[in-house]
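Working notes, structure below.
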Amino acid sequence: MRWTQALIPTLREAPQDAEIASHQLLLRGGFIRKLTGGVYTFLPMGLRTLRKIENIIREEMDRSGAIELLMPALQPQELWKQGPRYDAAKQVMFEARPAGAARKTSSEQVLLLGPTHEEVITSLVAGEIRSYRQLPKNFYQLQTKFRDEIRPRFGLMRAKEFLMKDAYSFDVDDASAEKSYKIMYDAYVRIFQRCGVNYRIVEADTGVMGGSFSHEFVVPSTVGESEIALTEDGGYAASIEKAASRAAPRASPGASMAQPEKFATPGVVTIDALDKQHGVTAENQIKTLIYICDSKMMLFLLRGDHQLNEAKVGALGISEFRPATEAEIVTALGAHPGSLGAVGVAVSKAIAAVVADECLRGQSGMTTGANEDGFHLRGVEVERDIKVTRWADLRTACAGELDPKTGKPLKIERAIEVGHVFKLGTKYSEAFKALYLDVNGKTHPCVMGCYGIGVTRTLQAIVEQNHDKDGMIWPSSVAPYKVLIQLLEAGNQKATDAAEKAYADLQAAGVDVLFDDRDERPGVKFKDADLLGIPFQVRFGKKFLESGKVEIKNRMTKTSSEADLTSIVSAIKDVPA
RNA sequence: CGGGCCGUAGCGCAGCUUGGUAGCGCGUCUGCCUUGGGCGCAGAAGGUCGCGAGUUCAAAUCUCGCCGGCCCGACCA
18 MRWTQALIPT LREAPQDAEI ASHQLLLRGG FIRKLTGGVY TFLPMGLRTL RKIENIIREE
78 MDRSGAIELL MPALQPQELW KQGPRYDAAK QVMFEARPAG AARKTSSEQV LLLGPTHEEV
138 ITSLVAGEIR SYRQLPKNFY QLQTKFRDEI RPRFGLMRAK EFLMKDAYSF DVDDASAEKS
198 YKIMYDAYVR IFQRCGVNYR IVEADTGVMG GSFSHEFVVP STVGESEIAL TEDGGYAASI
258 EKAASRAAPR ASPGASMAQP EKFATPGVVT IDALDKQHGV TAENQIKTLI YICDSKMMLF
318 LLRGDHQLNE AKVGALGISE FRPATEAEIV TALGAHPGSL GAVGVAVSKA IAAVVADECL
378 RGQSGMTTGA NEDGFHLRGV EVERDIKVTR WADLRTACAG ELDPKTGKPL KIERAIEVGH
438 VFKLGTKYSE AFKALYLDVN GKTHPCVMGC YGIGVTRTLQ AIVEQNHDKD GMIWPSSVAP
498 YKVLIQLLEA GNQKATDAAE KAYADLQAAG VDVLFDDRDE RPGVKFKDAD LLGIPFQVRF
558 GKKFLESGKV EIKNRMTKTS SEADLTSIVS AIKDVPA
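Number 147 in our numbering belongs to position 130 of the first sequence; there are no gaps in the numbering.
Structure follows, in structure tokens:
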């Protein structure tokens, strides 16, 4: 491609709303443009890199035996209602309807823009797969997904419309499904390696997706929106939602008492205030959180210095939950937030359960709210004084705590989630009756797995991880072009002829080459070249006219080598980038 | 949904407090010059100052409403 015929609108300055390096560089390099919040156009350069990534994904998916199809972005609401997670998913789904007219009848079909495709694929398979002879199968697609993100951010990182590769495996049983899972896991390893990113694999929470286990593929980055917990040696790594940890024991437990003792704490409604004004450290307090879970009120108890991990609440089998409102709390417990506690609280019609974090097991000398504004109780012995109906891991792991398996300390790092593999089980196949007959003619639900890669997010993650102050540095495998020819003496016939020959030779050799044939000063071309991050810059300028040698600059190493005009193709092919 | 802030040329911004000719840098166009790191000179085009109403002789500027956007938080498959 000749630059003068292309559309590569580079910018000297980044638009103000681009905050992180990768977002700024993609805009400045003319790879993407924003249409509106969370919605982007891929300009030719951006599209080329996207296609490179897509092709790597296709090759590895095909190699692993998955088969490509393309499902609709428009999906009937009815389908979702048949599925197991419509109520949770509808929060982020766009509804598509005629903009010009009100719906005519209440029975008119409602279409949704698909945020993902478990429902569609499973209902498809329900209709097409009958026999164990047709299994296993793994279907994948590259499709635009739509999610009404409350707060789109960082360009392609968190967008409302984005490209995703999603795959869905169907197997006869768990053992077979785990093989399919492993095949995808291995394919993902190859995909991210080929994309040239440093990634990490972490154990993950299955969330609303459901399922029995999952792994996330993440790109470590300080601008990532996910948090992962890992040991120094990387032996254990998990997403923060999933991470279990062993909390440090309390340094100085409160005094045990024969029974809880009420004391006045006027105006004290925070953990911190109770510490400062009454000398009760956070670790000696019980934090009482009130949630409405599947329409029922539940109390969650944690140590005062711990944080509730809502993903772990979801893991208890609760599908929909929210913090209770102040009014609901006052009605049920007779006190306002800040004075709440579970001592003397009995499970009743109003209160479905008292769930306590494992850390509280066996603890005594604790202080908690008295369910009376302005009063707390001290000397609480958890198992004696509180009717705990369920013990569970509810805490968010913190840096410095210990990995429960190895006992090694954990650290918390930020990362960009680019891929996620789930072993799903039969949640969807049962809902949509994706059943098959086994050898004995007996009916079973297919055992499913699902596997996603955020393709557009991966593109930006690659930039986030591969850039310097001058611009992007594309790994050769995903670079929009491999070589940039720079004609620096556009007015000189000899330089022009040589550049044209190099352009023709490289094209003939099948090398992706961009020819900067603009009538611009060298400085401009150098700046743009570094910004675009094409692996090799082949220069035809003053040095060429003086020596007859072509200068080849490696964008990544910033080193230059020389080649004869006739040996450019081999020089490029010999150098790994 | 809570808190903060911003909409002035393609991009980055000033002007608004104290109402009176709409500006600067970059980019774009023309010509010259120059040709190894966003060079120089000369000229030009480009704006319903987000939209609407109000106050006023007069509104980018003051008031009200609306729309759009950004940041922090909450949320997040």
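For glycine and all other residues, C-beta sits at the position ideal for the given N, C-alpha and C. No experiment lies behind these values; they were computed from the predicted model shown.
Nearest in C-alpha terms to K425, of all of S243, R50, Y253, is Y253. The beta-carbon separation of P492 and G213, rounded to 3 Å, stays under the 8 Å limit for a contact.
Per the DSSP secondary-structure output, D374 pairs in a beta bridge with A409. Within the same chain, Cβ atoms closer than 8 Å to the Cβ of R407 are found at L333, A370, V371, V372, A373, the five residues on either side in sequence being excluded. Residue range 338-340 is occupied by the beta strand (DSSP E) that includes F338, with no alpha helix (DSSP H) assigned at that position. A straight line joining the alpha-carbon of N571 with that of K293 spans about 60 Å.
Looking at the backbone, the Cα of K259 and that of E430 are separated by about 14 Å. Taking R65 as the centre and dropping the five residues before and after it, the same chain places the C-beta of P497 closer than 6 Å to its C-beta, in chain order. Within its own chain, the residues whose Cβ lies closer than 7 Å to the Cβ of R207, once the five positions on either side in sequence are excluded, are E77, listed in chain order. A straight line joining the alpha-carbon of I470 with that of V435 spans about 6 Å. Under a 10 Å Cβ-count criterion, L454 is classified as exposed, with fewer than 16 other Cβ atoms of the shown protein chains found around its own Cβ.
Counting along the chain, I146 sits inside no beta strand (DSSP E), nor does DSSP assign it H or E at all. Counted as a single uninterrupted DSSP element, the alpha helix (DSSP H) harbouring S39 occupies residues 38-45.
Between S356 and H393, the CB-CB gap stays under 9 Å.
Note that the C-beta distance between I200 and V219 is not below 9 Å.
For N301 and G382, the gap between their C-alpha atoms comes out near 7 Å. Exposure of N72 is indicated by the presence of fewer than 16 other C-beta atoms within 10 angstroms of its C-beta.
In this structure, DSSP gives E195 a helical state, which the three-state scheme calls helix.
Boundaries for V495: no beta strand (DSSP E) harbours it, and the DSSP string shows neither H nor E there. Unbroken beta strand (DSSP E) stretches of 3 residues or longer found wholly inside the stretch 413-443: 427-442, given in chain order. Residue L306 holds the alpha-carbon nearest to the alpha-carbon of E345 among L306, L318, E337. Per DSSP, reduced to three states, the secondary structure at T53 is strand. Judged by their CB atoms, E36 and A264 are not nearer to each other than the 9 Å cut-off.
Ranked by Cα distance from S140, the first of F111, V472, P89 is P89. When secondary structure is reduced to three states using DSSP, M78 falls in the helix class. Counting only runs that start and end inside the stretch 242-316, the beta strand (DSSP E) elements of at least 3 residues fall at 243-248, 254-256, 278-281, 303-310. Where K154 is concerned, the enclosing beta strand (DSSP E) starts and stops at 154-163. Take Y157, set aside five residues on each side of it, and the residues of its chain with a beta-carbon closer than 8 Å to its own are M78, A83, I84, E85, L86, K182, D183, A184, Y185, Y468, in chain order.
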